[in-house]
Amino acid sequence: MARGIKHVAQKIGHGIKTAAKKVGTFLKKTGAKIVKFALKVVSTVQKVASKIVQFIPIIGKPLSKGLAATSAGWNAASNAIHAKLPGKLERGIKVMDKVQKVAGYVPRDMLESEEWDTRSLDLDSWEYPYDDEE
């Protein structure tokens with residue numbers, strides 16, 4: 105009877121060891137890909153949010169700077185993870201890099217300028233090419 109219990113305990117121990125190895129392998133390979141992509145998504149969302157938050161009176165500017173700083177941190181963390189991503193995820197990473205770059209070029213002054221608010225079309229001053237054919 106003692107021999108049977110010992111054999112069962114060894115089988116359970118071997119099963120746990122095998123499962124732990126599989127989980128470890130999964131985390132090293134697939135987990136790194138998931139984390140890299142997730143960090144890039146968070147970074148991009150924060151970068152865009154930092155530009156939008158600027159419009160909140162009083163707290164907008166400091167909050168925007170805080171979001172931009174944390175976004176840079178998440179982006180650096182994502183870039184530091186060396187994981188080969190599949191094609192579509194790699195393209196997604198490149199698109200998010202472009203979005204972050206473009207969002208970085210948008211200055212607050214341009215977003216707040218009166219030009220954007222008062223833009224209108226003066227249709228009376230346009231010359232229509234088909235007016236003569238009536």
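The opening residue of the sequence shown carries number 105 in this note's numbering; numbering runs sequentially from there. Quick reminder that beta carbons are idealized off the backbone N, C-alpha and C, glycines included.
Ranges of the beta strand (DSSP E) found wholly within the region 145–188, counting only runs of at least 3: none
Exposed unless 16 or more other CB atoms sit within 10 angstroms - verdict on Lys121: exposed
Residue from Lys125, Thr134, Val139 whose Cα sits closest to the Cα of Ala181: Ranking Lys125, Thr134, Val139 by Cα distance to Ala181 puts Val139 first.
Helix, strand or coil at Val210 [DSSP, three-state]: coil
Asn183 beta carbon near the ligand FMN (any heavy atom closer than 8 Å): Within the structure as shown, the ligand FMN is missing, as the structure has no ligands at all.
Cβ separation of Val157 and Leu143, assumed to be a contact under 8 Å, to the nearest whole Å: Not a contact, Cβ separation roughly 20 Å.
Whether Lys192 touches Lys137 by CB criterion (9 Å): no
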